[in-house]
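In this note's numbering, the protein residues as written are 2 to 263.
C-beta atoms are modelled at their ideal positions from N, C-alpha and C, and glycine is treated no differently.
Fair warning: this is a prediction, and the values are worked out from it, not measured in the lab.
This report concerns only the one structure given below.
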């Protein structure tokens with residue numbers, strides 16, 4: 002089977018519309034091909050989480066506002082060259098580090114995908130009648146810093162700063178290293194919900210998300226910004242571990258109203 006046929010059968014099986022013949026072909030393929038098994042597991046996780054994820058209703062009039070802005074504005078220009086075809090290739094290509102998104106139940110999976118895709122075009126946004134994200138509205142006022150942390154292990158350095166406004170928490174992570182290394186974030190999934198992730202830098206590397214656990218594998222100097230929603234005003238700490246050839250180093254950063262000690 003060629004790439005397109007395998008992709009079609011994988012999606013048909015996960016959508017529940019595959020024929021018995023296609024199901025049998027897929028079973029034989031998964032028995033023989035470890036790359037296909039890994040791809041199936043990635044897609045299965047995404048399909049399962051998308052079925053469980055809640056959907057925020059868009060504001061009234063959003064569609065008409067967007068259409069008016071598109072019709073009256075200049076044509077967008079290509080900015081970073083990471084279109085849908087490129088994302089598809091990144092998801093399939095192995096063993097080159099790929100985006101392996103594993104969405105936690107209830108997370109806004111569509112927002113995470115939108116965050117990555119939104120960087121592919123640049124247009125003039127002044128005067129547009131729409132702003133913000135699909136996150137719930139936050140109180141007026143700026144974000145307040147509630148935590149900061151610096152960790153180093155060998156050549157790897159990580160600086161983390163958390164800010165908060167109401168129930169919305171943002172964690173900015175600056176990762177620096179001449180070689181790839183690992184960053185792990187552990188948090189209480191009942192208290193914090195990861196609603197979005199975006200990045201800037203040469204190569205974000207592999208990203209994996211499970212309930213209460215996010216793993217990043219940056220390559221070079223990468224800046225991440227994580228968007229959380231908190232279920233309580235106090236907030237819960239996030240444990241951060243960096244793993245390099247020098248061994249693991251751990252620390253904790255706060256997300257509540259009191260900043261942790263430096």
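Around the beta-carbon of residue 223, 16 or more other beta-carbon atoms lie within 10 Å, marking it buried. Contact between residue 232 and residue 192 holds, since their C-beta atoms are separated by about 5 angstroms, short of 8 angstroms. For the 8 angstroms CB-CB criterion, residue 182 and residue 226 do not form a contact. Following the DSSP letters along the chain, one finds residue 151 in no alpha helix (DSSP H) but inside the beta strand (DSSP E) bounded by residues 145 to 154. In the three-state reduction of the DSSP assignment, residue 14 falls in the helix class, which pools H, G and I.
Shortest Cα-Cα distance from residue 176 to any of 203, 228, 209 and 144 involves 203. With 16 or more other Cβ atoms inside 10 Å of its own Cβ, residue 256 counts as buried. The straight-line gap separating the alpha-carbon atoms of residue 34 and residue 18 is approximately 23 angstroms. Distances from the alpha-carbon of residue 206 to those of 218, 147 and 250 put 218 closest. Residue burial is scored here from C-beta neighbours: residue 71 has fewer than 16 other C-beta atoms within 10 angstroms and is therefore classed as exposed. Approximately 6 angstroms separates the beta-carbon atoms of residue 169 and residue 230; this is inside 8 angstroms, confirming the contact.
By the Cβ-count criterion, residue 21 is exposed, with fewer than 16 other Cβ atoms from all chains shown falling within 10 Å of its own Cβ. Across the set 221, 190, 250 and 236, the C-alpha of 190 shows the shortest separation from the C-alpha of residue 215.
Between the C-alpha atoms of residue 2 and residue 240 there is a straight-line separation of about 44 angstroms. In the structure shown, residue 225 falls within a strand segment according to DSSP collapsed to helix, strand and coil.
Residue pairing by DSSP places residue 186 opposite 215 and 241 in a beta bridge. A Cβ-Cβ distance of about 6 angstroms is found for the pair residue 228 and residue 171, placing them in contact under the 8 angstroms criterion.
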